Structures are given as C-alpha cells and as structure tokens.
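Contents: one structure, followed by commentary.
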Amino acid sequence: MKILITGGAGFIGSNLSLTLQKDNSITVVDNLLSGNTKNLESFQGNLITDDITSMNLLKSFKDIDVIFHQAAITDTTVSDEKRMMEVNVGGFRRILDLALRKRVTLVYASSAGVYGNGKCPMREDQELSPQNVYARSKLLMDEIAIKYKDKIRIIGLRYFNVYGPREGYKKKAASMIYQLAQQMKASKNPRIFKYGEQSRDFIYVKDVVDATIRAMKAKESGVVNVGTGVVTTFNRVIEILNEVLGTSYEPEYFDNPYSFYQDETRADINRAEELLGFKARYSIEEGIRDYLTTMQNAK
Ligand SMILES: NC(=O)c1ccc[n+]([C@@H]2O[C@H](COP(=O)([O-])OP(=O)(O)OC[C@H]3O[C@@H](n4cnc5c(N)ncnc54)[C@H](O)[C@@H]3O)[C@@H](O)[C@H]2O)c1
Numbered sequence: 345m346k347i348l349i350t351g352g353a354g355f356i357g358s359n360l361s362l363t364l365q366k367d368n369s370i371t372v373v374d375n376l377l378s379g380n381t382k383n384l385e386s387f388q389g390n391l392i393t394d395d396i397t398s399m400n401l402l403k404s405f406k407d408i409d410v411i412f413h414q415a416a417i418t419d420t421t422v423s424d425e426k427r428m429m430e431v432n433v434g435g436f437r438r439i440l441d442l443a444l445r446k447r448v449t450l451v452y453a454s455s456a457g458v459y460g461n462g463k464c465p466m467r468e469d470q471e472l473s474p475q476n477v478y479a480r481s482k483l484l485m486d487e488i489a490i491k492y493k494d495k496i497r498i499i500g501l502r503y504f505n506v507y508g509p510r511e512g513y514k515k516k517a518a519s520m521i522y523q524l525a526q527q528m529k530a531s532k533n534p535r536i537f538k539y540g541e542q543s544r545d546f547i548y549v550k551d552v553v554d555a556t557i558r559a560m561k562a563k564e565s566g567v568v569n570v571g572t573g574v575v576t577t578f579n580r581v582i583e584i585l586n587e588v589l590g591t592s593y594e595p596e597y598f599d600n601p602y603s604f605y606q607d608e609t610r611a612d613i614n615r616a617e618e619l620l621g622f623k624a625r626y627s628i629e630e631g632i633r634d635y636l637t638t639m640q641n642a643k
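According to the numbering used here, the stretch in the sequence shown is residues 345 to 643, in order.
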C-alpha cells in the first residue's frame, strides 16, 4: 500500500514508519519542529521536509491509499492559542480535505488530554474537559472528524501516555519515563512532583504502533482510546527503573508548579477492543525493560 505519514520524523510517527515500511511504500512529511531525521536513520521511504499547513498537499501526494496523521505541536505547555490552532486544527483540516478528495482512510492522533481531570476509567463518551490549549485543539479535531464519519473511514486515536525509543528529540515534552531514566543514568536522584502518587496509563510505543496500524482496518469510523487500562504511579516507575538499571535512587520530591495537572489517567479499553481488536501486550515492567535496552542506540 502507498501510505502517507505526517509527523513521521517524530516519536510515534518514526516508529510507525519503520514498522510499516517492511510491507508498504511510505512517504513521510515532517517540518522537523520537534522531530528529527535521526529518528529515521534506517528509513527507506520518501522523506519530504515541509509544513502541512502551507505546502500544496494535492500536488505533493498524488498517489496514496491511506493517511496516518501524526503531525502536531506536541508540547502541551505551549500557550500560544493561535499557533496551536493553526498547526493542530488547521493542519488537520488540510489533511482531512486531502483524505476526502482522495477518498482514503484517515487515521489521526487525538489525545487523552481531552479528558482533563475527568473520571477514570476514561470512556470515549464521557464528558470532556480539556484543560489546556493543546487538549482543546485535539478535541476540536475529534469534533470535526465526527462530521465526516460517513464520507470516509476516519479514526481518531486518543493516545494515553506513550513512552519508548525515539522520543528523545521531544526534549522536555518527552515522557516522564524518559526524563526519569535520563536523570538516573546521569547518577542523579529522579525528580518528581510531591509525593509521586499521581498515576498514569503508560503505554509502550510498540503497542501504540500496533493499535495505529489496526485502525487502518477498523470496522467503522470513530474516536477510540489507546491505553492499557492499567495505571502506574511515578513512585512505581522509579522503582521499576531502579530494578532495570540495577540502581537504588530515591525520588526527590518538589512542589508542582502547574495550576492544572492530571492526578490520574486511565483508559477504558473496551471500545479499542471492539473497534480495533486491540489490547496492549506490554506491561509497564516489560515496556521499560525493552525500552532501556534500546535507549543507548535510538534516543
Ligand atoms: N506521545 C504521547 O504521549 C502522545 C499522547 C497523546 C497524543 N499524542 C499525539 O500523537 C502525535 C505524535 O506525537 P509524538 O509524541 O510522536 O510527538 P512528536 O513531537 O515527536 O511528533 C510530532 C511530529 O510532527 C511534526 N510537525 C509538527 N508540526 C508540523 C507541521 N506543521 N508540518 C509537518 N510536520 C509537523 C514534528 O516535527 C514532529 O516530528 C501528535 O499528534 C500528538 O499530539 C502523543
């Protein structure tokens, strides 16, 4: 199949591109805002470094069968609403328009951020309360997508907290697992907000790639969670990192400076099982172990 992956030099996009290239012809488009061509060192497809908000999409992508849309401003602390909307919502509209004209399946990255501090487990049909500009941009994308659900197959994936190889170029926007592992590998005590009992539904990027590929063949259009349904506290993450690294660093707690912070994220995974036939395979212990063995080579 001929596949277009936007944001394919980024964390999830590069893992997706490298997996899909085995059996498909892949074109990646990325403006390298937070991605890096080093993520694509073994990539054999076509890499176009351009901006999806301004390039001529129809002219550039004449022959495609499916689109995976990953490109976005992914730093959730960005507060410039105009810029966030131009890239995340405006960029999505342009990619959606391309998918509609070509009549191809569109799988796009939404986010668990749309749930805010909503009740857990988070269900796709519960009340949404995005708490920052980034999360609002993702909710707008979901609202736009649903309007076109009968025109093409369109699947929005509400990724939970993804971690794994090739996230290092996201710098401060990389996962907590990455940040804590880097601190510990530099012989520092891992720093977390008081008192480390906040929990997350961490999902390993290999599982995320699996769910994303399955979405291409989903039974019908829809918006669906991509999480494990299992939560882990930051304190527990540090314990696992200590086990895997063979160290014994104690957490260093500090005050949380953010007025908004999710205490817990946990996916209800029923719809993902129904719509995508997806269930995460990596436990947090297995995911972290697999990640740290590759971390030296791939950022
Ligand atoms: N990683 C997570 O935990 C997580 C959670 C929820 C949702 N998501 C979503 O998943 C998608 C991928 O995220 P990621 O973690 O791989 O982040 P990432 O920052 O590594 O990837 C985003 C990519 O999009 C590119 N990009 C940004 N603006 C662009 C533009 N205008 N034109 C072309 N390319 C552009 C960036 O350079 C980058 O390579 C994003 O849409 C993100 O919002 C990620």
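Cβ atoms here follow ideal geometry from the backbone N, Cα and C, with glycine treated the same way. A quick note: this is a predicted structure, and the numbers were derived from the prediction, not measured.
Original post:
For the 8 Å Cβ check, are there 3 or more pairs between the segment 597-605 and the segment 545-559?
Top reply: Per the Cβ contact rule, the segment 597-605 is not in contact with the segment 545-559 (fewer than 3 Cβ pairs under 8 Å).
Subject >> alpha helix (DSSP H) runs contained entirely in the segment 447-514, provided each spans 4 or more residues >> reply: Fully enclosed alpha helix (DSSP H) runs of 4 or longer: 477-491.
Subject >> Per-residue DSSP class, three states only, for Gly351 >> reply: The residue labelled residue 351 in the question sits at position 7 within the sequence shown. Looking at Gly351 - three-state DSSP - the assignment turns out to be coil, as it is neither helix nor strand.
Subject >> Proximal residues to Ala489 (C-beta, below 6 Å), its chain only, five neighbours per side dropped >> reply: Indexing the sequence shown from 1 puts residue 489 at position 145. For Ala489, where only same-chain residues beyond five positions count, the Cβ hits under 6 Å are Ile498 and Gly500.
Original post:
In chain order, which continuous runs of the beta strand (DSSP E) of length 3 or greater are located wholly inside the segment 378-437?
Top reply: Runs of the beta strand (DSSP E) inside the segment 378-437: 390-392 and 410-413.
Original post:
Any heavy atom of ligand 1 closer than 7 Å to the CB of Val431?
Top reply: As a position in the sequence shown, residue 431 is number 87, starting the count at 1. Yes, the beta carbon of Val431 sits closer than 7 Å to at least one heavy atom of ligand 1.
Original post:
For the candidate residues Ala616, Gln470, Val410 and Glu385, whose alpha-carbon lies nearest to that of Ile349?
Top reply: Taking the first residue of the sequence shown as 1, we reach residue 349 at position 5. Distance check between Ile349 and each of Ala616, Gln470, Val410 and Glu385 places Val410 closest, using alpha-carbon atoms only.
Subject >> Beta-bridge partners of Glu608, as assigned by DSSP >> reply: The count along the sequence shown starts at 1 and reaches residue 608 at position 264. DSSP, once it has assigned bridges, lists Ser543 as partnering Glu608.
Original post:
For Asp486, which residues of its own chain have a beta-carbon under 6 Å away from its beta-carbon, when the five flanking residues on both sides are left out?
Top reply: As a working mapping, residue 486 is identified with position 142 in the sequence shown. Here the set comprises Ser454, Gly500 and Val567.
**OP:** State buried or exposed for Asn383, treating a residue as buried only when at least 16 other CB atoms are found within 10 Å of its CB.
**Re:** For the purposes of this step, residue 383 is identified with residue 39 of the sequence shown, where counting begins at 1. Buried, by the Cβ-count rule.
Original post:
Could you give the C-beta distance for Asp374 and Gly354, rounded to a whole number, given that I count them as a contact under 8 Å?
Top reply: As a first step, residue 374 is located in the sequence shown; it is residue number 30 there, counting from the start. As a first step, residue 354 is located in the sequence shown; it is residue number 10 there, counting from the start. About 7 Å; that satisfies the 8 Å criterion.
**OP:** Could you tell me whether any non-hydrogen atom of ligand 1 is closer than 7 Å to the CB of Asn375?
**Re:** On the sequence shown, position 31 is the one that residue 375 refers to. Taking the Cβ of Asn375 as the reference point, at least one heavy atom of ligand 1 falls within a distance shorter than 7 Å.
**OP:** Mind checking which residues open and close the alpha helix (DSSP H) that includes Asn579?
**Re:** In the sequence shown, counting from the first residue as 1, residue 579 sits at position 235. Asn579 -> alpha helix (DSSP H) spans Phe578 to Leu589.
Subject >> For Thr371, the residue or residues it bridges with in DSSP >> reply: Reading the sequence shown from its first residue, position 27 is the one you call residue 371. Its beta-bridge partners are Leu348 and Asn390.
**OP:** Using a Cβ-Cβ cut-off of 8 Å, state whether Gly573 counts as contacting chain C.
**Re:** Reference to chain C is not applicable here, since this structure consists of a single protein chain.
Original post:
How about Tyr605 and Pro509: do their beta carbons lie closer than 8 Å?
Top reply: Your numbering for residue 605 matches position 261 in the sequence shown. Your numbering for residue 509 matches position 165 in the sequence shown. The answer is no: Cβ separation not under 8 Å.
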